[in-house]
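**Q**
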Amino acid sequence: MIRPSVLLFAFVISAPALYRYVLDQLDLTDVMIRFIIAVPIAALLLAALRFVTAGYGRNGDGGEATAVTPTPVDVREA
Numbered sequence: 001m002i003r004p005s006v007l008l009f010a011f012v013i014s015a016p017a018l019y020r021y022v023l024d025q026l027d028l029t030d031v032m033i034r035f036i037i038a039v040p041i042a043a044l045l046l047a048a049l050r051f052v053t054a055g056y057g058r059n060g061d062g063g064e065a066t067a068v069t070p071t072p073v074d075v076r077e078a
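Residues in the sequence shown are numbered from 1 upward in steps of one, following the working numbering.
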């Protein structure tokens, strides 16, 4: 099943073609072909983005986050 984010991104990618259709510079068939081509491209790009960002926010040991206590820092006056 195609995710809604993929369809939205494909719509954004093919928006210039839709705009040219509104200005009567393209045929509806050309607009639909460009949208159909944009769907797998958008799916690949978003899958790559999900793959790259999948590990962010996870701790390597699989347990809870490490507690950090703040320490005072000496500030020098200019």
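Every residue, glycine too, gets a C-beta built ideally from N, C-alpha and C.
Count the other C-beta atoms from every protein chain shown that fall within 10 angstroms of the C-beta of Ala38, then say buried if there are 16 or more, exposed otherwise.
**A** buried
**Q** How many whole angstroms separate the CB atoms of Leu46 and Val6, which I take to be in contact at a CB cut-off of 8 Å?
**A** 6 Å
**Q** Within a Cβ cutoff of 7 Å, which residues of the same chain sit near Ala42, ignoring the five residues on either side of it in sequence?
**A** These residues qualify, in order along the chain: Val6, Phe9, Ala10 and Ile13.
**Q** Work out the CA separation of Gly57 and Tyr21 for me, nearest whole Å.
**A** 43 Å
**Q** Quick one, which of Ile2, Val31 and Arg3 has its alpha-carbon nearest Pro16's?
**A** Across the set Ile2, Val31 and Arg3, the C-alpha of Val31 shows the shortest separation from the C-alpha of Pro16.
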